[in-house]
Amino acid sequence: MILDKMIALVTGGSRGIGRAICLKLASLGATVGINYVANPEAAQETLQQIEEIGGKGFIVRFDVADANDVQVNIKEIINTYGQVDILVNNAGITRDGLMARMKEDDWDSVLDTNLKGAFLCSKAVMRTMMKKKWGRIINVSSVVGFVGNGGQVNYGAAKAGLTGLTKSMARELAGRNITVNCVAPGYIVTDMTDGLAEDVQEALKAQIPLGTLGTPEDVAASVGFLASSDSNYITGQTLHVNGGMYMGH
Ligand code: NAP
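In short: position in the sequence shown from 1, add 16, done, that's the working numbering.
Have a look at this one:
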C-alpha cells in the first residue's frame, strides 16, 4: 500500500469528486479525514464506502471558509492522528450568474470557499508537514479557471487564483519536501453538473475530444498519483483531467 500510515484530509469529501478522492486514497492505504459542511449523511455514506473496501477513515465537519473553524478542527486532527501528510483542497461551490447581475455575496462566497478555503486549510496543515519534511497538497481547480465561462466570473477567478496560490506555495515549501499541485477537472458528472440541461450537456460533449463527460474516479486517479511518491519530482503543476477539451500548458 503506497500510502500506508499516511493521514489524508479531503475537504468536501462527502460527495462527488471529493468522495471518489477519499475512496482512492483509502484504497492506497491512507487513513482519510472526510470533511463536509452541511451534509452529514453524505459524509457517513463516504465513510461506509471506505470501510466496505477495507479502508480507514473519519469524519470532520468544518466550513473551509471560516478561519477559526478550520484552525480548531485541523488542530484536533493533528492532536489525534499526529499529523496530516496529504491535504486535498477539494471543497467548492458555484453561485452562477451574469456579472452585471451578480451580487457581491455571490462573489464573496465563491472566492471564500474555493480560494480562501485552500489558503486556510493549507496554512493549518503546513507546520506538521514541514516538521516531517514530507507533504502533499493538491488543489482541485477547474478548466473554467483556464478558459473562462460566461456566468461564472466568480468561479473562474477563484479557480484561476488557485493556480497562482499553488505555484507560490510550491516555491515556498519545496525546501521542506512538500509538493503542491493542482488537478483541473473538465466537466465531471456530479451534483454540481447535475442541473445542466440535456442540450447544454450535448453542446459540452461536442467540445470534448474524448466525447463524454468525466467521472469523479477519473479525477481521483490523478489525485492518487499526485499524493504518492510516484510524483516526487512534480511540484507547482496542473494536471488537466478534461477529455482533451483544453490542452493546457
Ligand atoms: P459537489 O458534488 O457539489 O460537492 C461539493 C463538496 O464540497 C461537498 O462535499 C460539500 O459538502 C463540500 N463543501 C462545499 N462548501 C464547503 C465548505 N464551505 N466547507 C467544507 N466543505 C464544503 O461538487 P463536485 O462536483 O464534487 O466538485 C468538487 C470540486 O471539483 C470543487 O472544487 C469543484 O469546483 C471542482 N470541479 C468540479 C467539476 C465538475 O464538473 N463537477 C469540474 C471542475 C472542477 P456538503 O456535502 O456538506 O455540502
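Using N, Cα and C, we set each Cβ at its ideal position, and we do this for glycine too.
Compute the Euclidean distance between the alpha carbons of residue i and residue j, then round it to the nearest angstrom.
{"i": "GLU57", "j": "GLU214", "result": "29 Å"}
{"i": "GLY32", "j": "GLY133", "result": "18 Å"}
{"i": "VAL159", "j": "ASP246", "result": "24 Å"}
{"i": "ILE102", "j": "ALA243", "result": "7 Å"}
{"i": "LYS91", "j": "GLN217", "result": "42 Å"}
{"i": "VAL76", "j": "SER157", "result": "22 Å"}
{"i": "LEU131", "j": "GLY177", "result": "7 Å"}
{"i": "TYR249", "j": "ASN258", "result": "23 Å"}
{"i": "ASN95", "j": "ASN89", "result": "10 Å"}
{"i": "PRO232", "j": "THR206", "result": "7 Å"}
{"i": "VAL86", "j": "GLY108", "result": "15 Å"}
Name the two residues that bound the continuous beta strand (DSSP E) containing residue i.
{"i": "ILE194", "result": "194-201"}
{"i": "LEU255", "result": "254-257"}
Taking buried to mean at least 16 other C-beta atoms within 10 Å of its own C-beta, is residue i buried or exposed?
{"i": "VAL48", "result": "buried"}
{"i": "MET269", "result": "Examination of residue 269 is not possible in this model, given that the chain is present from 17 through 265 alone."}
{"i": "SER288", "result": "The structure shown has nothing for residue 288, since the chain only spans 17 to 265."}
{"i": "THR228", "result": "exposed"}
{"i": "ARG187", "result": "exposed"}
{"i": "LEU226", "result": "exposed"}
{"i": "ASP234", "result": "buried"}
{"i": "GLY98", "result": "exposed"}
{"i": "LYS147", "result": "exposed"}
Taking residue i and residue j to be in contact with their CB atoms under 8 Å, please state how far apart those CB atoms are, rounded to whole angstroms.
{"i": "PHE78", "j": "ASN55", "result": "With a Cβ gap of about 13 Å, PHE78 and ASN55 do not count as contacting."}
{"i": "THR144", "j": "VAL80", "result": "The pair is not a contact, with the Cβ atoms about 18 Å apart (cut-off 8 Å)."}
Heavy atom of the ligand HEM less than 8 Å from the Cβ of residue i, yes or no?
{"i": "ALA54", "result": "In terms of ligand content, the structure shown lacks the ligand HEM and carries the ligand NAP instead."}
Runs of alpha helix (DSSP H) lying entirely within the region 147-173, each at least 4 residues, in chain order: 160-163
3-residue-minimum beta strand (DSSP E) runs that sit fully inside the region 25-111, ordered along the chain: 47-52, 72-77 and 102-105
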